[in-house]
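K.L.:
One structure, as structure tokens, below. Some questions next.
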Amino acid sequence: MKVLVVGGGGREHAIVRKISQSKKVDKIYCAPGNAGIAELAECVNIGAMELDKLAEFAEKNQIDLTVIGMDDPLCAGVVDVFEAKGLRVFGPRKNAAILEGSKAFSKDLMKKYDIPTAAYEVFTSAEDALRYLETASYPTVLKADGLALGKGVLICMNKEEAVEGVKELMTDKKFGTAGDRIVIEEFMTGREVSVLSFVDGKTIKIMTSAQDHKRAKDNDEGLNTGGMGTFSPSPFYTAEVDEFCKKYIYQKTVDAMASEGREFKGIIFFGLMLTEKGPRVLEYNARFGDPETQVVLPRMKNDIVEVFEACIDGTLDKIDIQFEDNAAVCVVLASEGYPEHYEKGKEITGFERFAKEENYFCFHAGTKFQDGKIVTNGGRVLGITAVGKDLFEARANAYKATEWIDFEGKYMRHDIGKAIG
Ligand code: AMP
Ligand code: GLY
116 MKVLVVGGGG
126 REHAIVRKIS
136 QSKKVDKIYC
146 APGNAGIAEL
156 AECVNIGAME
166 LDKLAEFAEK
176 NQIDLTVIGM
186 DDPLCAGVVD
196 VFEAKGLRVF
206 GPRKNAAILE
216 GSKAFSKDLM
226 KKYDIPTAAY
236 EVFTSAEDAL
246 RYLETASYPT
256 VLKADGLALG
266 KGVLICMNKE
276 EAVEGVKELM
286 TDKKFGTAGD
296 RIVIEEFMTG
306 REVSVLSFVD
316 GKTIKIMTSA
326 QDHKRAKDND
336 EGLNTGGMGT
346 FSPSPFYTAE
356 VDEFCKKYIY
366 QKTVDAMASE
376 GREFKGIIFF
386 GLMLTEKGPR
396 VLEYNARFGD
406 PETQVVLPRM
416 KNDIVEVFEA
426 CIDGTLDKID
436 IQFEDNAAVC
446 VVLASEGYPE
456 HYEKGKEITG
466 FERFAKEENY
476 FCFHAGTKFQ
486 DGKIVTNGGR
496 VLGITAVGKD
506 LFEARANAYK
516 ATEWIDFEGK
526 YMRHDIGKAI
536 G
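For the sequence shown, the numbering used here begins at 116 and goes up steadily by one.
This is how it looks when you write it as structure tokens:
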């Protein structure tokens, strides 16, 4: 088989690596890919949002399966474009990707189908939102309706901050049209857990749990980022939590989408908060998590291509998804200054060591080739991942491996997975 993966971050590197282990696959392409992915796949210079070009490439090169890693092309309808040409593609259609693409849609869905989540209101005018804030309780949470690179969520401690937030999202349009509509919701507290799942329209199969560290600095201080590290499994995802979510969240979400005429095929990523009152859905994503994928897929036993195909064909009920009884930790190496101002183009050294060691992975996020060298090309540069028999071992291994790599301005958090013990 020939497989095309769309995207170019650490998540796609982890997906490409997993696909490369499939017995069914002879050749992998990745658009646009990055310097690390280039070791396993032929990188193609087409952007993830160039939907027609991607489909033309797949047609011309007789690609048997395309896997979409990123949210933007999914929400823009890349799956519909591929299907119109009769091409096989893994991911939700546009009318189902809205589960991630519109927070107002997903909140209304949860309310209608009684799926546990925070209480909320939706606003399409700043005036109405400001009036609501007069009597709201604080802290409160403001969310831009549309995609905003994970940065459209504002936790506001008091009315002044919330008024400023409404101005940013709705009047100043900091995230463009994503803020034309906003959700204002109840502030919840508890542990966060990420749960990824495969879905074939009817059946849902849960993967192992993970946890992301979103803040830039140690002890969860600093700005929100795309994710500074992850660990899997989450010890807080107990059998009791699993049972609750299976009963009230996972299958109910899949059935709700089908009932709405929006059959979901692909990945549903459940962002959960484990509150005192039980698990609640914080958000849905319609794709693999980044950097959750970097710790989940190295632990997965299945041939992932068989699972992708079962999702497309509606035969997921026949597949048993299995994970190793071990753990993984991913520490992101970022450029000093991320997520604000940082430099690019710094030479990175030390990759050789990863090729020699089993159970250590260096997933590339923001890298590229320049004059025969690999240089930094983004805020998040690499996801250094290690597997171990338990989280303590995986964590020690991952931090050891961060020392193998060097580049000017190398920055990381030192407490990824530390909360576990
Ligand atoms: P989201 O993109 O919706 O997952 O939100 C980003 C982050 O904001 C989450 O991972 C939480 O840390 C936080 N957050 C979102 N919604 C809430 C809420 N209702 N209460 C408390 N924190 C929240
Ligand atoms: N790690 C969070 C996300 O992928 O949205």
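No residue lacks a Cβ here, since even glycine has one placed at the ideal position from N, Cα and C.
Output needed for residue 533: all residues of its chain with C-beta closer than 8 Å, excluding positions within five of it in sequence on either side, in chain order.
P.N.:
Hits under 8 Å: 510.
K.L.:
Within 8 Å: the Cβ of residue 302 and any heavy atom of ligand 1?
P.N.:
Result yes, Cβ under 8 Å from ligand 1.
K.L.:
Please give me, in chain order, every unbroken run of the beta strand (DSSP E) with length at least 3 that falls completely inside the region 260–314.
P.N.:
As far as the region 260–314 is concerned, its whole beta strand (DSSP E) runs of at least 3 residues are 268–271, 297–301.
K.L.:
List the whole-angstrom C-beta distance separating residue 491 from residue 460, where the pair is believed to meet the contact cut-off of C-beta under 8 Å.
P.N.:
The Cβ separation is near 7 Å, so the contact holds.
K.L.:
Between the alpha carbons of residue 155 and residue 433, how many angstroms are there, rounded?
P.N.:
Cα-Cα distance, rounded: 30 Å.
K.L.:
Closest by CA to residue 125, which one among 515, 488, 524, 476?
P.N.:
If we check each option's Cα against that of residue 125, 476 comes out closest.
K.L.:
When the Cα of residue 162 is compared with those of 120, 311, 341, 276, which residue comes out closest?
P.N.:
Ranking 120, 311, 341, 276 by Cα distance to residue 162 puts 120 first.
K.L.:
Leaving out the 5 sequence neighbours to the left and right, which residues in its chain are closer than 8 Å to residue 420 when beta-carbon positions are compared?
P.N.:
If we look at residue 420 and ignore the five residues flanking it on each side, its Cβ neighbours are 116, 118, 134, 137, 139, 140, 180.
K.L.:
By DSSP, does residue 489 sit in helix, in strand, or in coil?
P.N.:
Of the three classes helix, strand and coil, the one that applies to residue 489 here is strand, per DSSP.
K.L.:
With hydrogens ignored, establish whether the beta-carbon of residue 329 is closer than 8 Å to any heavy atom of ligand 2.
P.N.:
True, at least one ligand heavy atom lies under 8 Å from that Cβ.
K.L.:
Is the beta carbon of residue 524 less than 9 Å from the beta carbon of residue 457?
P.N.:
Yes, they are a contact pair.
K.L.:
Reducing DSSP to helix, strand and coil, say where residue 233 ends up.
P.N.:
If DSSP states are grouped into helix, strand and coil, residue 233 belongs with coil.
K.L.:
Do residue 383 and residue 214 have their CB atoms nearer than 9 Å?
P.N.:
Against a cut-off of 9 Å, the Cβ pair of residue 214 and residue 383 comes out as a contact.
K.L.:
At a cut of 8 Å, does the region 289–300 reach the region 311–323 through at least three beta carbon pairs?
P.N.:
Because the criterion of three Cβ pairs below 8 Å is not met, the region 289–300 and the region 311–323 do not touch.
K.L.:
So what does DSSP say about residue 413, is it helix, strand or coil?
P.N.:
DSSP places residue 413 in helix when its eight states are reduced to three.
K.L.:
Could you tell me whether the region 218–226 touches the region 426–443, using the rule of 3 or more Cβ pairs below 8 Å?
P.N.:
Contact fails: fewer than three Cβ-Cβ distances are below 8 Å.
K.L.:
Using the rule of at least 16 other Cβ atoms within 10 Å of the residue's Cβ for burial, across every protein chain shown, is residue 287 buried or exposed?
P.N.:
Counting Cβ neighbours within 10 Å, residue 287 comes out exposed, since fewer than 16 surround it.
K.L.:
Taking the straight line between their C-alpha atoms, what separation do you get for residue 415 and residue 438?
P.N.:
Their backbone Cα atoms lie some 4 Å apart in a straight line.
K.L.:
Kindly indicate if chain D contains any beta-carbon less than 9 Å away from that of residue 421.
P.N.:
The displayed structure is made up of one protein chain only, and chain D is not part of it.
K.L.:
Per DSSP, residue 347 forms a beta bridge with which residues?
P.N.:
Per DSSP, 443.
K.L.:
Using the C-alpha atoms, what's the distance from residue 502 back to residue 512?
P.N.:
Roughly 7 Å between the two C-alpha positions.
K.L.:
Return the Cβ separation of residue 448 and residue 517 in integer angstroms, given the expectation that the two are a contact with Cβ distance under 8 Å.
P.N.:
About 6 Å separates the two Cβ atoms, so the contact holds.
K.L.:
Quick one: is residue 186 buried, meaning 16 or more other Cβ sit within 10 Å of its Cβ, or exposed?
P.N.:
By the neighbour-count rule (16 or more Cβ atoms within 10 Å), residue 186 is buried.
K.L.:
With C-beta atoms as the reference, is residue 202 less than 9 Å away from residue 375?
P.N.:
No, the Cβ-Cβ distance between residue 202 and residue 375 is not below 9 Å.
K.L.:
So the alpha helix (DSSP H) residue 188 belongs to, where does it begin and stop?
P.N.:
Looking at the DSSP string, the run of the alpha helix (DSSP H) that includes residue 188 is 186–191.
K.L.:
Does residue 553 come out as helix, strand or coil in the three-state DSSP assignment?
P.N.:
This structure leaves residue 553 out entirely; the chain is present only between 116 and 536.
K.L.:
Answer yes or no: do residue 369 and residue 404 have a C-beta to C-beta separation smaller than 9 Å?
P.N.:
No. Outside cutoff.
K.L.:
Which of helix, strand or coil does DSSP assign to residue 462?
P.N.:
Reduced to three states, the DSSP call for residue 462 is strand.
K.L.:
Which partner residues of residue 326 appear in the DSSP bridge assignment?
P.N.:
According to DSSP, residue 326 bridges with 346.
K.L.:
Between the alpha carbons of residue 278 and residue 284, how many angstroms are there, rounded?
P.N.:
Approximately 10 Å, taken between the alpha carbons.
K.L.:
Starting from residue 454, follow its DSSP beta bridges and name the residues at the other end.
P.N.:
DSSP output for residue 454 lists no bridge partner at all.
K.L.:
What is the DSSP secondary structure of residue 149, reduced to helix, strand or coil?
P.N.:
Looking at residue 149 - three-state DSSP - the assignment turns out to be coil, as it is neither helix nor strand.
K.L.:
If you compare alpha carbons, which of 528, 160, 423, 453 is closest to residue 514?
P.N.:
For the residues 528, 160, 423, 453, the minimum Cα distance to residue 514 belongs to 528.
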